[in-house]
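If you read the sequences in order, they're chains A and B. Residue 0 is where the first sequence starts when you use numbering that gives the first Met the number 0, and the numbers rise one by one after that. Residue 0 is where the second sequence starts when you use numbering that gives the first Met the number 0, and the numbers rise one by one after that. We put the CB at the ideal spot given by N, CA and C, even for glycine.
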Amino acid sequence: MKSRRQFIKISSLSAAGLIFGGGLLDSLASSILKENQSYFKGPFDFTRTPTYCEVCFWKCAGWVYKDENGRIKKIIGNDDDPNCNGRFCPRGTGGVGMHYDEDRLKTPLIRTEERGKQTFREASWDEALEYIASKMKEIKEEHGPECTALFSHGSGGKYFGKVIKGFGSRNIAAPSYAQCRGPREVAFIATYGSGVNSPENTDIRDTKCLVLIGAHIGENMHNGQVQEMSDAIDKGATIITVDPRFSTAASKSKFWLPIKPATDIALLLSWMHVIISEELYDKKYVEKYTYGFDQLKAHVKNFTPEWAYGITTIKPDQIRETARTMAHAAPAVLVHPGRHVTWYGDDTQRLRAVAILNALLGSWGRRGGFYNPDKASVPHYHLPPYPKPEKTWRDAMGGKYILADLALASGVCDASIPTPDLDCSIRGWIVNGTNLINTLPDQKKTIDAIQKLDLLAVVDTMPMEITGYADVVLPECVYLERYDSLRISQGREPSIALRMPAVDPLYNSKPAYWIARELAKKLDLLEYFPFETIEEELDWELKQVGSSLEEMQKIGVKRLEREVDDLYFADGEDIEFDTNTGKIELYSTVLEEEGFDPIPVYTPHPEPSEGFYRLIYGRAPMHTFSRTANNPNLTDLMSENSVWVNPKVAKEWDLKNDQYIYLENQDGVVSDFPIKVRVTERIRWDSVYMVHGFGHADKRLKRCFGKGVSDTQMITNVMIDPIMGGTGMRGNFVTFRFDNKKTEV
Amino acid sequence: MAIDTKKCVGCSDCVVACQTENNVPIGYCRDWVVEVMDGTYPQLEIELRSERCNHCENSPCVRCCPTGASHYADGGIVLVTKNECIGCSACIASCPYDARYVHPDGYVDKCTFCLHRVKKGMQPACVAVCPTKCMYFGDLNDPRSDVSKILKKRKHKTLIPEAGTKPQLYFLI
Chain A
0 MKSRRQFIKI SSLSAAGLIF GGGLLDSLAS SILKENQSYF KGPFDFTRTP TYCEVCFWKC
60 AGWVYKDENG RIKKIIGNDD DPNCNGRFCP RGTGGVGMHY DEDRLKTPLI RTEERGKQTF
120 REASWDEALE YIASKMKEIK EEHGPECTAL FSHGSGGKYF GKVIKGFGSR NIAAPSYAQC
180 RGPREVAFIA TYGSGVNSPE NTDIRDTKCL VLIGAHIGEN MHNGQVQEMS DAIDKGATII
240 TVDPRFSTAA SKSKFWLPIK PATDIALLLS WMHVIISEEL YDKKYVEKYT YGFDQLKAHV
300 KNFTPEWAYG ITTIKPDQIR ETARTMAHAA PAVLVHPGRH VTWYGDDTQR LRAVAILNAL
360 LGSWGRRGGF YNPDKASVPH YHLPPYPKPE KTWRDAMGGK YILADLALAS GVCDASIPTP
420 DLDCSIRGWI VNGTNLINTL PDQKKTIDAI QKLDLLAVVD TMPMEITGYA DVVLPECVYL
480 ERYDSLRISQ GREPSIALRM PAVDPLYNSK PAYWIARELA KKLDLLEYFP FETIEEELDW
540 ELKQVGSSLE EMQKIGVKRL EREVDDLYFA DGEDIEFDTN TGKIELYSTV LEEEGFDPIP
600 VYTPHPEPSE GFYRLIYGRA PMHTFSRTAN NPNLTDLMSE NSVWVNPKVA KEWDLKNDQY
660 IYLENQDGVV SDFPIKVRVT ERIRWDSVYM VHGFGHADKR LKRCFGKGVS DTQMITNVMI
720 DPIMGGTGMR GNFVTFRFDN KKTEV
Chain B
0 MAIDTKKCVG CSDCVVACQT ENNVPIGYCR DWVVEVMDGT YPQLEIELRS ERCNHCENSP
60 CVRCCPTGAS HYADGGIVLV TKNECIGCSA CIASCPYDAR YVHPDGYVDK CTFCLHRVKK
120 GMQPACVAVC PTKCMYFGDL NDPRSDVSKI LKKRKHKTLI PEAGTKPQLY FLI
């Protein structure tokens, strides 16, 4: 946080006064403009082009402003965009730094050996793409085209996906699933027959009671949700926050439940117990729409608040009061499903409990709960069918995780490490816009997998750690310098947004469409890229929905009408849910079929041993994962992370604020770099907290190299969700070290 | 200007929006965020505030400026005329809010309430960008303005009123 002074005493109240009179502003402003013409240059001499943001997955649409010299000056939200309502978050506003960062990848690189030492040499685009194409052909001949994979987190993924699918592989994964929101989607699909997707269909704006379980809206800067939480505060909504840390959201809450980590399911079951035993649930809704209420009622009979108190440390009267508060607000109550939910390996079950609680309160499909989202349907140009692969990464899973509705990035990684009993055979990766070294837990395993590959091609804008392991590095130009596919995101009303280049690409960087098409050319897959330029493709698509590239270049965002007026369920409406029973499944038949608990069960998780503390990580509003750590504008706001330590713990270890220490985890892994201590009451004594995305180990990232600790490095114990393969990452415990020498064993 | 501490999440969007709007060099800022925490676990309170020049009615920075570069513009906004500033920093020492900095080009710089925008009928950059809409800017003489209405409705305070500078930033609490 940028703060010129750390602390200012809160002073007493003072009466309001008048700043200045009306009408004076004008004369004042004109006098300033006269005396300081150049200094007060506003946006008025600027030209603007539309974009949607690539700094995070919210993809807010905005305008890029350039001065008369063609330099990008600022980025401002588009007023017509439902994702941001004209207000960008700090990362989007600071997106200018993505363009100006002088550490960007500048030209294609190929790994080579000089005097026994591996190094990169600069290459032409043609040479670099030829290298990738020939390696891919070799893999195809020796092992089959299925033995290639794409990891992607970003807009370019669509085009590299066409190459990989056309080539004959379906191994396309994003760490945003198995490392993030996957369990939530599986749980909601099992319950309601439909996931919450992105941006989530949460009706925060109109809620009367918002319940956050570990979700730290305001620190995670999911723009629309932050804005709506603020609207809800204005309207007097009650916020209930469950978090072992006093998060920003907790500080805005009427109730903060400082839960013992890893016990959330017990609290959720106990809330259900209160709501059912006190008959506070929505009887009409439950009767009409749900399946398995009697089994649920019997299941939670003994999960009293007194039972939960012993597990969660939340007092029984607080559990009762918060349950009643939710029921009182129902159905305008939202037990928020969160987003990054891969915590303890039983995450699908925890999110099932969240889904069930919402069903008892009747909030799904109701104003102030979850709305029914809509999405623009934009036809795609008809392409020849993709070849059907003989096998996928799933064949390497031994029949597990069949409920995963998307590919597991960790599963594709596992499928690249040969084992005697399983068919693990992926030999080539294309990685686009995701720094797998810092996004997949268990770094050693990721690096092991990489060592087994015949080809690792990385497409990125920055020299992230993953590029250091690549055979070929391709510099993508940043989002401010390129077109990409249309943004078609769900919302209360459908909309489409255009990204177009504000300026030419810097250095020898190229847009994803061009890179993918050139690669497709070399692989004889041009039939999947019928348009020579992306502009032609976009124009064709836009014309199918009554717009055009020319129109979108002027307006940036087009809002479309909902086809059906069904934002919420109509009173007494008959609804068929996409589940086995056609009902909201409180008792999950699909989980039962697969041999899992049909109703969530609380199971205790390991606790830290003496001298160790549970590592909890989260987000800071000015950074996106590890992606922005080198951005000059955003680094200026926050340049390193710190480890939050409770004062009691600090006293025991004699730790002082701002002191640098190293961390060591339960498996003896010592952090590469030191981290600053932040002694604060905001964290429990059994846990420590840090912001994810720091501790970069690649020296080419000059601004952020060695700043802070990478939580990913400390996450070596991964608890796999047996239902869908999510990687639970909050079962790691750290202790403090005053040097980084390895412990002798 | 009024700032709602109950809605501010401390994201620093106001800071980066001000930097890009006003060409504030990286490493400097005209506005910043303060977090004040009180209490012991689990009885805690946090106040988050976006701070900037208080445009004091009784400004020590104006009083001590040897060249007259720091001045009240019509209506009371405190400004620095860049060409008249010799960068002596007396104003910086006198400001209880630490609201000024020396620009690398040698003059003292600070918040102007984005008058170039206000003149065009726009909100200051920080107000316009804030995702929580926690800032209210307008004419305090006009009882119908958003800022007048919110100050009438809500409890509020100023910072360090005991310094006697008559600060004109109001924090809703």
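Exposure label - residue i; buried when at least 16 CB within 10 Å
i                : result
Lys207 (chain A) : buried
Pro330 (chain A) : buried
Ile401 (chain A) : exposed
Val563 (chain A) : exposed
Thr679 (chain A) : buried
Asn57 (chain B)  : exposed
Lys520 (chain A) : exposed
Phe672 (chain A) : buried
Cys52 (chain B)  : buried
Beta-carbon proximity list for residue i, same chain, < 6 angstroms, skipping 5 on both sides
i                : result
Asp205 (chain A) : Arg366, Gly367
Phe735 (chain A) : Trp652, Ile660
Leu537 (chain A) : Leu548
Val195 (chain A) : Phe187, Pro336
Thr623 (chain A) : Val54, Cys55, Arg90
Where residue i falls: helix, strand or coil (DSSP)
i                : result
Tyr135 (chain B) : strand
Lys253 (chain A) : coil
His155 (chain B) : strand
Val644 (chain A) : strand
Ser133 (chain A) : helix
Lys706 (chain A) : coil
Val544 (chain A) : coil
Ile76 (chain B)  : coil
Asp37 (chain B)  : strand
Asn21 (chain B)  : helix
Tyr290 (chain A) : strand
Met689 (chain A) : strand
Arg486 (chain A) : strand
Arg736 (chain A) : strand
When the options are compared against residue i, the one with the closest alpha-carbon
i                : options                                : result
Val556 (chain A) : A:His152, A:Asn82, A:Val273, A:Trp57   : A:Asn82
Arg626 (chain A) : A:Ile71, A:Gly91, A:Cys59              : A:Gly91
Thr50 (chain A)  : A:Val502, A:Leu268, A:Asn200           : A:Val502
Ile615 (chain A) : A:Met228, A:Arg729, A:Ile495, A:Arg683 : A:Arg729
Ala127 (chain B) : A:Pro386, A:Ala127, A:Cys88            : A:Cys88
Ile149 (chain B) : B:Leu158, B:Pro160, B:Ile85, B:Cys133  : B:Cys133
Trp643 (chain A) : A:Pro607, A:Ile674, A:Val687           : A:Val687
Ile163 (chain A) : A:Ile554, A:Glu534, A:Leu522           : A:Leu522
Gly344 (chain A) : A:Val273, A:Gly181, A:Met220           : A:Gly181
Pro419 (chain A) : A:Trp255, A:Met396, A:Val340           : A:Met396
Thr715 (chain A) : A:Tyr586, A:Asp697, A:Ile446           : A:Ile446
Leu497 (chain A) : A:Thr46, A:Trp62, A:Phe45              : A:Trp62
Ala172 (chain A) : A:Arg393, A:Glu575, A:Phe737, A:Ile554 : A:Arg393
Lys151 (chain B) : B:His115, B:Asp141, B:Ile76            : B:Asp141
Val95 (chain A)  : A:Leu633, A:Thr303, A:Pro510           : A:Leu633
Arg516 (chain A) : A:Glu129, A:Arg120, A:Ala649           : A:Glu129
7 angstroms Cβ shell around residue i - same chain, five flanking residues per side excluded
i                : result
Glu53 (chain A)  : Gly153, Ser154, Tyr478
Ser144 (chain B) : Gly137, Asp138
Val717 (chain A) : Pro440, Asp441, Thr726, Gly727, Met728
Leu452 (chain A) : Ser415, Arg426, Gly427, Trp428
Ala619 (chain A) : Glu218, Met637, Val690
Whole-Å CB distance - residue i paired with residue j, under 8 angstroms assumed
i                : j                : result
Lys105 (chain A) : Asn507 (chain A) : 6 angstroms
Asp373 (chain A) : Gln489 (chain A) : 7 angstroms
His155 (chain B) : Tyr169 (chain B) : 5 angstroms
Gly725 (chain A) : Ala177 (chain A) : 5 angstroms
Ile682 (chain A) : Asn645 (chain A) : 5 angstroms
Arg338 (chain A) : His221 (chain A) : 7 angstroms
Contact test: residue i Cβ vs the ligand PLP heavy atom, cutoff 6 angstroms
i                : result
Pro123 (chain B) : Looking at this structure, you won't find the ligand PLP or any other ligand, since it has none at all.
Cβ shell of residue i (< 8 angstroms), same chain only, five flanking positions each side left out
i                : result
Val23 (chain B)  : Cys17, Arg29, Asp108
Gly750 (chain A) : An answer regarding residue 750 (chain A) cannot be provided, because it is not within the stretch 0 to 744 covered by chain A.
Problem - Near-chain D residues of the region 626-648 of chain A (beta-carbon distance less than 7 angstroms), N- to C-terminal order - result: Absent here is chain D; the protein component of the structure consists of chains A and B.
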